[in-house]
Amino acid sequence: MLVHYNTTVIPLLLCCLYRSIPHGMYPLPRPEGLSTVEVLQLLRRSSEDVHVLTSIPRGVKNNVYCVLDHGTNYDRHIKGQNSVYDDDCGVWASSKNRSAIYPYVVDDDGDMTRVFWIASQNAYCHERKVDGKRIYVPLDPQPAGDTVVCVKRYYVTLAANASYKCRITLLTDMSAAHADQRNVVVVEYFGAHVTGAPHGNTRVPDTAAPYVRTACATLDKVCALNEKMAPT
């Protein structure tokens with residue numbers, strides 16, 4: 318059974334103790350961040366129970382998390398574009414980015430059990446340890462397609478500080494029965510943020526402001542205006 322995690326009252330109380338935290342973000346409950354159970358509960362709750370933001374708030378984000386609307390990225394996927402999670406933290410090291418997908422089976426009570434897709438067996442399996450080795454035993458019967466959801470996680474590292482990291486978690490491969498749950502993501506920031514470097518092309522780096530990439534929404538608006546404007 319899932320352990321109940323109060324995602325509304327506790328974070329609001331904690332925010333009173335951490336007034337420097339950007340509005341709409343909450344302190345992480347522990348250094349390693351939210352547990353998988355806690356993240357899944359945040360992802361699967363309705364918007365009435367969870368404060369869902371339309372964008373990541375500006376400001377220093379040290380060991381905090383937020384729940385972010387994923388509708389815009391869902392639309393980008395339909396157009397064949399990549400997801401974008403704009404923030405003001407500076408440049409993230411693309412060479413250190415990674416992602417992983419974890420499938421879960423949802424039972425009649427709504428509880429989720431971790432399973433493993435083993436391509437060589439063409440089956441979802443349970444993982445077991447025998448004599449110190451991991452073995453994968455196919456589920457019997459195999460779960461129906463509409464009972465399987467996948468948790469996808471992105472892990473990124475700040476270019477200016479390798480100890481400052483961000484983890485983004487969302488549900489993917491959702492069936493029509495769970496379509497209302499797939500449009501939010503949980504964004505967690507770990508560590509103490511440090512000021513990044515100015516843009517590499519700046520002429521006076523000693524006095525220049527730290528470089529922050531232009532928000533994707535702004536770039537999209539500029540492109541749209543360029544298409545509408547007649548050439549001169």
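Going left to right, the sequence shown walks through residues 318 to 549 as this note's numbering numbers them.
Beta carbons are placed, not taken as given, at the ideal position from N, Cα and C, and that holds for glycine.
Please read these numbers as outputs of a predicted model, since none were measured by experiment.
{"Item": "Terminal residues of the alpha helix (DSSP H) in which Val381 lies", "Value": "That residue, Val381, is in no alpha helix (DSSP H); its beta strand (DSSP E) goes Val381 to Asp386."}
{"Item": "Whole-angstrom distance between Gln358 and Asp404, CA atom to CA atom", "Value": "24 Å"}
{"Item": "With 16 other Cβ atoms within 10 Å as the buried cut-off, status of Ile391", "Value": "Residue 391 is actually Tyr in this sequence, not Ile. Classification of Tyr391: exposed, given that the 10 Å Cβ count is below 16."}
{"Item": "Bounding residues of the alpha helix (DSSP H) (the contiguous stretch that carries Leu359)", "Value": "Thr353 to Arg361"}
{"Item": "Validate contact between the stretch 372-380 and the stretch 429-444 using beta carbons, cut 8 Å, 3 pairs", "Value": "no"}
{"Item": "Secondary structure of Tyr557, DSSP reduced to three states", "Value": "Absent from the model: residue 557. The displayed extent of the chain is 318 to 549, so no value can be given."}
{"Item": "For His387 and Val504, the rounded distance between their alpha carbons", "Value": "11 Å"}
{"Item": "Inter-residue spacing [alpha-carbon to alpha-carbon] between Thr276 and Ser337", "Value": "Residue 276 is absent from the structure shown; the chain starts at 318 and stops at 549."}
{"Item": "Neighbourhood of Arg415 by C-beta distance below 6 Å, restricted to the same chain and skipping five residues each side", "Value": "Tyr472"}
{"Item": "When Gly462, Tyr343, Arg484 and Thr430 are compared against His368, the one with the closest alpha-carbon", "Value": "Tyr343"}
{"Item": "Alpha carbon of Val502 to alpha carbon of Lys469, nearest angstrom", "Value": "10 Å"}
{"Item": "Option in Ser480, Pro346, Leu351 and Val381 with minimal Cα separation from Val511", "Value": "Ser480"}
{"Item": "Beta-carbon proximity list for Ala461, same chain, < 8 Å, skipping 5 on both sides", "Value": "none"}
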